[in-house]
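Notes follow once the structure below has been shown.
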Amino acid sequence: MPGLVVVASSGFFLADARAHDDENHVTPETVSAATPETDAVQEPASFPLDIGGPFELTDQHGVVRNHDDYDGRRPLVFFGYARCESICPVALKVMLEAVDLLEETGDKLQPILITIDPENETPAVLLQEMPRLHPRLIGLTGEVAAIADVQKLFRVDAQLTGTSRTGNPMFAHGSLIYLLGANGKVMTLLPPIFDSKTMAEKLRPYLVAETVN
Amino acid sequence: MKILSAIVLAGALGMGLIPGAQAATSERVQITGEIIDTWCYVSEIMGGGEAITGTAHHQCAVWCAAGGIPVGLLAETGEIYMVLKLGDDDTSNANPRILEIQSNRVVVEGNVMERDGIQYIVIDEIVENAGITNRTHDDYGVIPEFGVPGQ
């Protein structure tokens, strides 16, 4: 089966730490090199699962924003909460560094945090927290029902699990990062397990395709 | 192991037969492997390889999954599949059902798709579950050490 050899040597699988054949051993380092080809650029299709859709929420300045309201910048969305003390800061750090890396090459994204704690994270709270994370990060919040609707669109589960030592609520929640296309549909999603450079490499082809088209 | 169709798809991608980032179709598969903590395993933040599987990393893996880190299925052939969905649940992220099978050796049926060099799986059914069989703590202890209760 020739395809097997091609697969193993092209790094299209994430990792193969158990492989004993050195020639076919694919490590996380080769994951970094496993990017989509950019030679034949065309408009990428949406992610092959029905995820995402149009939404309208309120940003940290009290301005109503929708899924496509960012001066031509593609929204890159993370669901979390600004006062998180565990996974959100780590995932957001990588995501925001990837945004900055892409900005250096003219590939413009709009980083967005949609809070999964709308009861506590009002526009006023987000206005305090967003600049601490990134100067261009937009925080979106809304009524509890509105946030729940958006979570459902993006299949993001979230549960309150307790209170931190500092008194902040703690949530367990989905931590995927979503690149949005037309009508808020997900072009691709990325788990927050890569470094920022790898994440930027995986996002760039979508932005290049947009520029060409 | 019926991953042949997925291999063919990925092979076509590797050879450039399907252009750009849009290449993604779904293939029906049955895969045997272990549910793992993808963050620690892929990032190698706590070292790499076998020590980040099985009993040695179970506690941390449960914590990561509880926090919403996507779990993966490490197939016995070495490929990693990011689990997008389990059964009828809407999501696999921070899904309590995932916590119950973390580090378990399972046989699953579902659909695999590839995107941006990442293999994703939507699991329809866990056909077999042998539980936690990979006793890596015999060789590696508990990784990380703060995963030992009371530490």
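Line by line, the protein sequences are chains A and B. Heads up, the first sequence stops at 376 in the working numbering, and the numbers go up one at a time, no gaps. Heads up, the second sequence stops at 155 in the working numbering, and the numbers go up one at a time, no gaps. Yeah, the Cβ is synthetic: ideal placement off N, Cα and C, and Gly gets one too.
{"Item": "Close Cβ partners of R139/B (< 6 Å) along its chain, the five nearest in sequence each way excluded", "Value": "T59"}
{"Item": "Contained alpha helix (DSSP H) runs [length at least 4] in the stretch 44-108 of chain B, N- to C-terminal order", "Value": "62-71 and 100-105"}
{"Item": "Simplified DSSP assignment, three categories, for D320/A", "Value": "coil"}
{"Item": "F270/A to D312/A span [Cα, whole Å]", "Value": "The sequence shown places Asp at residue 270/A, not Phe. Approximately 30 Å between the Cα atoms of the pair."}
{"Item": "Within 9 Å of chain B by C-beta, residues of the stretch 334-347 of chain A in sequence order", "Value": "F334, A335, H336, G337, S338 and L339"}
{"Item": "Environment of H224/A [buried if 16+ CB atoms lie within 10 Å]", "Value": "exposed"}
{"Item": "Any C-beta of chain B under 8 Å from that of T351/A", "Value": "yes"}
{"Item": "Of the residues G71/B, A79/B and D92/B, the one placed nearest F242/A, counting alpha carbons only", "Value": "G71/B"}
{"Item": "L290/A CB to nearest heavy atom of the ligand FAD below 7 Å", "Value": "With respect to small molecules bound, the structure shown includes none, and the ligand FAD cannot be examined in it."}
{"Item": "Simplified DSSP state of H336/A, which is helix, strand or coil", "Value": "strand"}
{"Item": "Whole-angstrom distance between G330/A and L90/B, CA atom to CA atom", "Value": "33 Å"}
{"Item": "Run of the alpha helix (DSSP H) containing A208/A, from where it starts to where it stops", "Value": "Taken as a continuous stretch (DSSP letters only), A208/A belongs to no alpha helix (DSSP H), as it is neither H nor E."}
{"Item": "Coil, strand or helix - A245/A by DSSP", "Value": "coil"}
{"Item": "Proximity test, Cβ basis, 8 Å: R119/B and chain A", "Value": "yes"}
{"Item": "Given V253/A as reference, the closest of V307/A, H230/A, F317/A and P355/A once Cα atoms are compared", "Value": "P355/A"}
{"Item": "CB contact check: F218/A to chain B, cutoff 8 Å", "Value": "no"}
{"Item": "Environment of L259/A [buried if 16+ CB atoms lie within 10 Å]", "Value": "buried"}
{"Item": "Which of helix, strand or coil DSSP assigns to P274/A", "Value": "strand"}
{"Item": "A345/A, buried or exposed, once every other Cβ within 10 Å from all chains shown has been counted against 16", "Value": "exposed"}
{"Item": "Cβ pair count under 8 Å reaching 3, the stretch 72-79 of chain B against the stretch 37-52 of chain B", "Value": "yes"}
{"Item": "Contact set between F241/A and chain B, taken where Cβ atoms lie within less than 9 Å", "Value": "Within chain B, no residue comes near F241/A; the closest Cβ sits about 11 Å away, beyond 9 Å."}
{"Item": "CB contact below 8 Å: E186/A versus chain B", "Value": "Residue confidence for E186/A is low, a pLDDT of 32 falling below 50, so the modelled location carries little weight; the figure read from the coordinates is stated next. Taking Cβ atoms only, chain B never reaches closer than 8 Å to E186/A, which makes this a no."}
{"Item": "Within chain A, the residues that A134/B reaches when beta carbons sit closer than 7 Å", "Value": "By Cβ distance, chain A contributes nothing, its closest Cβ being about 17 Å from A134/B, past 7 Å."}
{"Item": "CB contact flag (V146/B, V131/B, <8 Å)", "Value": "no"}
{"Item": "Proximity test, Cβ basis, 8 Å: P354/A and chain B", "Value": "yes"}
{"Item": "Sequence-distant residues of its chain with Cβ nearer than 8 Å to I102/B (five each side left out)", "Value": "I39, A69, V75, V87, L90 and S96"}
{"Item": "Chain-order list of residues whose beta-carbon lies under 8 Å from that of I250/A (same chain, five-residue window excluded)", "Value": "G243, S338 and P355"}
{"Item": "Contact with chain A by S107/B, beta-carbon distance below 8 Å", "Value": "no"}
{"Item": "Buried versus exposed, by CB contacts within 10 Å (16 or more), I279/A", "Value": "buried"}
{"Item": "Residues that DSSP places opposite V349/A in a beta bridge", "Value": "L343/A"}
{"Item": "Any chain A beta carbon closer than 8 Å to T137/B", "Value": "no"}
{"Item": "Under 8 Å from the C-beta of L88/B: neighbouring residues of chain A", "Value": "L212"}
{"Item": "E341/A to L255/A span [Cα, whole Å]", "Value": "It should be noted that the sequence gives Tyr, not Glu, for residue 341/A. Near 12 Å, if we compare the C-alpha coordinates of L255/A and Y341/A."}
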